[in-house]
Amino acid sequence: MAENSTVIVELCSRCNKNPRAHGHDWCKSCKAEAERNYRDSAEKRAYLRGKEEMRRALAAAFLQIGGAGGFSQVEISNMIMQAPGPQWSDAQSN
Ligand SMILES: [Zn+2]
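Now the structure itself:
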């Protein structure tokens with residue numbers, strides 16, 4: 513006696529191609545891609561924020577020099593490399 517069985521596979525609500533991961537609306541591939549995108553964008557936001565903090569810190573350091581004219585390129589380069597840069601506490605307060 514042949515037994516008929518039907519397995520209903522729900523497809524990923526994102527790509528509509530792959531079966532959903534257990535307990536999720538999306539397939540494993542779509543979940544992985546979304547997690548990767550989120551991680552990449554979080555890193556990018558952190559990088560850009562750090563870049564802006566560094567610019568602010570350097571601008572503030574140069575404002576304190578006073579009479580900035582007359583410095584050589586080497587002196588300016590040294591000042592930039594010796595500038596303490598933004599602190600973690602600065603980033604948290606903005
Ligand atoms: Zn998918």
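Just so it is clear: in the sequence shown, position 51 is 563 by this note's numbering, and no numbers are missing. All C-beta atoms in this analysis are idealised placements derived from N, C-alpha and C, irrespective of residue type, glycine included.
Express the C-alpha separation of residue j and residue i in angstroms, rounding to a whole number.
i, j, result
"Ile592", "Tyr550", "33 Å"
"Gly597", "Ala572", "10 Å"
"Glu522", "Arg548", "24 Å"
"Glu587", "Ala569", "18 Å"
"Lys556", "Gly562", "10 Å"
Hey, out of the options, whose CA is closest to residue i's CA?
i, options, result
"His520", "Pro531, Cys527, Arg526", "Correcting the residue identity first, residue 520 is Ile in this sequence and not His. Ile520 has its Cα closest to that of Pro531, out of Pro531, Cys527, Arg526."
"Ala546", "Ser584, Cys527, Ile588", "Cys527"
"Ser601", "Glu565, Ile577, Gly582", "Glu565"
Residue i bridges to which residues according to DSSP?
i, result
"Leu523", "Pro531"
Check for me: the alpha helix (DSSP H) holding residue i runs from which residue to which?
i, result
"Asp552", "540 to 577"
"Asn590", "585 to 594"
For residue i, which residues from the same chain have a beta carbon less than 8 Å from its beta carbon, with the 5 sequence-adjacent residues on both sides left out?
i, result
"Asp537", "Cys524, Ser525, Arg526"
"Lys529", "Leu523, Cys539"
Got a sec? Which residues, its chain only, sit under 7 Å from residue i by beta carbon, not counting five neighbours each side?
i, result
"Ala533", "Cys539, Lys540, Lys543"
"Ala595", "Ala569, Leu570, Ala573"
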